[in-house]
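Chemist: Taking the UniProt record's numbering, I'd label the letters of the sequence shown as residues 1 to 223.
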Amino acid sequence: MKILIIEDEIDLQDVIRTFLEKEKFLVEVAKDYNSGLEKVANYDYDCILLDIMLPGGNGMQLLSEMRDLGKDGSVIIVSAKDSVEDKVEGLELGADDYLAKPFHLAELLARVKSVLRRKHQQGVNMLEHKNVRIYPDERRVEVNDMEVQLNRKEYDLLYYFLVRPDKLVQKTSLAEAIWGDNADQADSLDFIYSQVKNLRRKLKENQADIDLQAVYGIGYKLV
Numbered sequence: 001m002k003i004l005i006i007e008d009e010i011d012l013q014d015v016i017r018t019f020l021e022k023e024k025f026l027v028e029v030a031k032d033y034n035s036g037l038e039k040v041a042n043y044d045y046d047c048i049l050l051d052i053m054l055p056g057g058n059g060m061q062l063l064s065e066m067r068d069l070g071k072d073g074s075v076i077i078v079s080a081k082d083s084v085e086d087k088v089e090g091l092e093l094g095a096d097d098y099l100a101k102p103f104h105l106a107e108l109l110a111r112v113k114s115v116l117r118r119k120h121q122q123g124v125n126m127l128e129h130k131n132v133r134i135y136p137d138e139r140r141v142e143v144n145d146m147e148v149q150l151n152r153k154e155y156d157l158l159y160y161f162l163v164r165p166d167k168l169v170q171k172t173s174l175a176e177a178i179w180g181d182n183a184d185q186a187d188s189l190d191f192i193y194s195q196v197k198n199l200r201r202k203l204k205e206n207q208a209d210i211d212l213q214a215v216y217g218i219g220y221k222l223v
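#1: Whose C-beta lies closer than 8 Å to the C-beta of Arg164 among residues of the same chain, with five residues either side of it excluded?
#2: So, with DSSP's three-state summary, where would you put Val115?
#3: Using CA atoms only, rank isn't needed, just tell me which of Tyr155, Val112, Lys22 and Leu49 is closest to Asp32.
#4: Excluding sequence positions up to five away, which residues of its chain have a Cβ less than 8 Å from the Cβ of Asp211?
#5: Relative to the C-alpha of Gly56, which candidate in Glu28, Asp8, Asp72 and Ser83 has its C-alpha closest?
#6: Within 7 Å: the Cβ of Gln61 and any heavy atom of the ligand FAD?
#7: To the nearest angstrom, how far is it from the Cα of Met1 to the Cα of Glu85?
#8: Anyone know if the C-beta pair for Arg140 and Lys24 falls short of 8 Å?
#9: Bridge partners for Ser175 per DSSP, in chain order?
#10: Provide the residue span of the beta strand (DSSP E) that contains Met135, from first to last.
#11: What residue from Met53, Gly217, Glu154 and Gly94 has the CA that sits closest to Leu69's CA?
#12: Buried or exposed for Glu147, going by 16 or more other Cβ atoms inside 10 Å?
#13: Rank Lys81, Asp44 and Asp14 by C-alpha distance to the C-alpha of Met60 and give the top, closest one.
#14: To the nearest angstrom, how far is the alpha carbon of Tyr98 from that of Gln207?
#15: How long is the line joining the alpha carbons of Asn144 and Asp209, rounded to whole angstroms?
#16: Take Ala214 and list the residues in its own chain whose beta-carbon comes closer than 7 Å to its own, dropping the five residues that flank it on each side.
#17: Return helix, strand or coil for Asp11, following the three-state DSSP convention.
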């Protein structure tokens, strides 16, 4: 899952980024209004951590711009401003949560997992499709109640498709979601093929009732 941190305090940005990367999230950063808006406009994120006071603009306005663009990623406002008015404004603009600074990283992680659970998992701790189950908080996969060992990218691929069943996903979108925004600069997308191939093999070996079907020249679809 991919997270964007829009925060101008570089030390805090680095601390949050390092912490979330250790929790196996793919993390991108922006340090001001304009770079944050550019990221939001051009890429999709599962969750955005958004400061209110930013160089070049206001986080609330950025949130409004994001929603006007039709971007539906979850947003947690992270701000030193802890007034009721700011909380109400943020929630009315479409934020999913509001966390006042200073905060414990464990609480931030719990808030991130909570908004992602609501967005992708209907609020429950498990995703299930046919005989395949994923427990995102533990990054654990089971087929027929037996645990299947996947590497990080294989797991991320499977999760991405399970929350988008029957949807055709273009290779470029898949690369961006799993490998980050810089993936669109790669000379080829062959690295996707090898990871998908390995994931398909493991699903087949464990008798999963799902598969990733290649659609020639376009991408993949969970069937």
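Ideal Cβ placement from N, Cα and C applies to all residues, glycine included. Computed from a predicted structure; not experimentally measured.
Modeler: Reading from the atomic positions:
#1: Leu222
#2: helix
#3: Leu49
#4: Arg200, Leu203, Lys204, Leu222 and Val223
#5: That would be Asp8, whose Cα lies nearest to the Cα of Gly56.
#6: As presented, the structure is devoid of all ligands, the ligand FAD included, so that no description of it is given.
#7: 31 Å
#8: no
#9: It is Ala, not Ser, that sits at residue 175 in the sequence shown. BP columns for Ala175 are empty, so no partner.
#10: Here residue 135 is Tyr; the residue named in the question, Met, does not match the sequence. Run containing Tyr135: Val132 to Tyr135, per the beta strand (DSSP E) assignment.
#11: Gly94
#12: exposed
#13: Lys81
#14: 43 Å
#15: 9 Å
#16: Tyr220
#17: helix
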